[in-house]
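The structure appears right after this line, and notes come after that.
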Amino acid sequence: MRKILTAITLILILVSGILSFTIGQVTPLHRNIIYVHVPPAIVAMLVFTLVFICSIGYLITKRPLLDYIAHAAVEIGLVLTIILNATGMIFAKIDWAVWWTPSPRLVSAAALFFLYAVYLLLRSSFDNTSKRRQIAAVYAILAYINVPFVFISARLLRDIHRPSYSFETSWQSLAFFLSILATLALSALLIWIRAEIAATSDKLLEKRS
Amino acid sequence: MNSFRAIKAILLKDIRYELHGKQTLPSALIMAALISWIFRLALAQTQTSAQTVAAAVLLVGILLAVVLTSEKLFAMEQQNGCIDALLMAGVDPSSIYIAKLIANLILLMAFQIVIIPVIVVLFDVGPILWPRFLLTVILFDIGITAIATLLGAAVQTARSASGILTIMILTIAAPLMLPAVFAITSTMQPNQIEQTLPLITDFRTALVFLASFDIIYLTACWLLFDFIVSE
């Protein structure tokens, strides 16, 4: 099953990459950052929804697998938000001549990064395994509830970000759609692998102790 | 044990402990006064008017004070195993949460009675629309104490509890800052607020945001507290 997912991921990355660099290219050149900026934003929100569901599931069922998935998903989601913020800053510097400004979407993206970076900090602060899982799950639920408040509160600020973007050709739309699918597939694969690593290392620690 | 009796007993115990020990409030007050003073010094050489940042400095001071109060409220319980004893005595975890929340609020309001005049003086804040100001501050207090009380209980067995607690509270409370700063600034400078934030709606909208945040987080924290204290 994982081999199939790996193959699908590689194909999607290849096809979306080729399309983005060739017939799907947008002008001016720096606007092509949209293919690596927007898909992480969309997939990061989906990943954090997964964290929320797994955290609730863990609190109810106490199944370690749900904690492994939540932990893995936060790590991957955090990487996605780093890519989102970094590519956003590059675009901002070229288009608006500033690296960062307190505009609604930029504030929301930064807040997402902080919310989930703190999750990882929190996990590393507890020695007791069951306490760590419990507290991390509670925090993940609080962090997810925080996201709509961040979005609404950020909308109070003056906005410099484009509200939407429309593609000129259907190849560009296809390249964009495939980029989202590729990011989603890659994230799913990485979460799967990372959760398996966490489960295996826990089993090893258990056997050692 | 009857919930109301349990809440009353825990609340009175915490208030008496603070009145007797006088540890948390003085530390919070000195810290907030220092922060206000340092910000005032930093603004002295700039064009920025002190009044425009007074609201932000007040809220940052409140956030850091609630970190201290929340951590202390549960630290003494952790040292003596009180929470476990309360649970074994049949006290509902929700009652413990409500009692700690009210104690935290009382401490925070006692802190604000002192720090608000300090900020008014340091930042030369003009006439304030007190009813609106107090309403905004109370709503802000309820929201952050709801979160801080839960998280204060959560981090007691963590390494560097106060460090991680500060980071968590600041992160979760971040969306409150914009509407709260706007609402408080509008009570201090009602004629200038439209020029500084042209896209903001009005005071009522900011209050609705704060009230919604409070209701949702109070409910969520009240429900989640059971998972924090149980093993």
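These protein sequence lines are chains W and X, in that order. Using numbering that gives the first Met the number 0, you'd call the opening residue of the first sequence number 0 and step up by one each time. Using numbering that gives the first Met the number 0, you'd call the opening residue of the second sequence number 0 and step up by one each time. Glycine included, each C-beta is placed from N, C-alpha and C at the ideal position.
Inter-residue Cα distance where the pair is residue i and residue j
i: residue 199 of chain X; j: residue 193 of chain W; result: Confidence is the limiting factor: at residue 199 of chain X the pLDDT is only 49, short of 50, which leaves the residue's position unreliable, though a coordinate-based value still follows. Residue 199 of chain X and residue 193 of chain W: Cα-Cα distance of roughly 43 Å.
i: residue 22 of chain X; j: residue 110 of chain X; result: 12 Å
i: residue 8 of chain X; j: residue 95 of chain X; result: 10 Å
i: residue 189 of chain W; j: residue 75 of chain W; result: 7 Å
i: residue 39 of chain X; j: residue 114 of chain X; result: 14 Å
i: residue 67 of chain X; j: residue 97 of chain W; result: 37 Å
i: residue 45 of chain W; j: residue 72 of chain W; result: 10 Å
i: residue 90 of chain W; j: residue 172 of chain X; result: 29 Å
i: residue 137 of chain W; j: residue 70 of chain X; result: 17 Å
i: residue 176 of chain W; j: residue 222 of chain X; result: 40 Å
i: residue 208 of chain X; j: residue 186 of chain W; result: 34 Å
i: residue 162 of chain X; j: residue 31 of chain X; result: 17 Å
i: residue 127 of chain W; j: residue 226 of chain X; result: 15 Å
i: residue 120 of chain W; j: residue 22 of chain W; result: 43 Å
i: residue 168 of chain X; j: residue 201 of chain X; result: 26 Å
i: residue 105 of chain W; j: residue 87 of chain W; result: 8 Å
i: residue 142 of chain W; j: residue 160 of chain X; result: 19 Å
Cβ of residue i within 8 Å of any chain W Cβ
i: residue 63 of chain X; result: no
i: residue 92 of chain X; result: no
i: residue 171 of chain X; result: yes
i: residue 183 of chain X; result: no
i: residue 167 of chain X; result: yes
DSSP-derived helix/strand/coil call for residue i
i: residue 145 of chain W; result: helix
i: residue 98 of chain W; result: coil
i: residue 127 of chain W; result: coil
i: residue 55 of chain W; result: helix
i: residue 1 of chain X; result: coil
i: residue 27 of chain X; result: helix
i: residue 24 of chain W; result: coil
i: residue 127 of chain X; result: coil
i: residue 78 of chain X; result: helix
i: residue 139 of chain X; result: helix
i: residue 153 of chain W; result: helix
i: residue 38 of chain X; result: helix
i: residue 69 of chain W; result: helix
Below-8 Å beta-carbon distance, residue i vs any chain X residue
i: residue 196 of chain W; result: no
i: residue 149 of chain W; result: yes
i: residue 110 of chain W; result: yes
i: residue 143 of chain W; result: no
Residue i: first and last residue of the uninterrupted alpha helix (DSSP H) it sits in
i: residue 117 of chain X; result: 92-121
i: residue 8 of chain W; result: 1-20
i: residue 162 of chain X; result: 160-187
i: residue 200 of chain W; result: 169-207
i: residue 233 of chain X; result: With chain X running from 0 to 230 in the structure shown, residue 233 of chain X is simply not present.
i: residue 104 of chain W; result: 103-122
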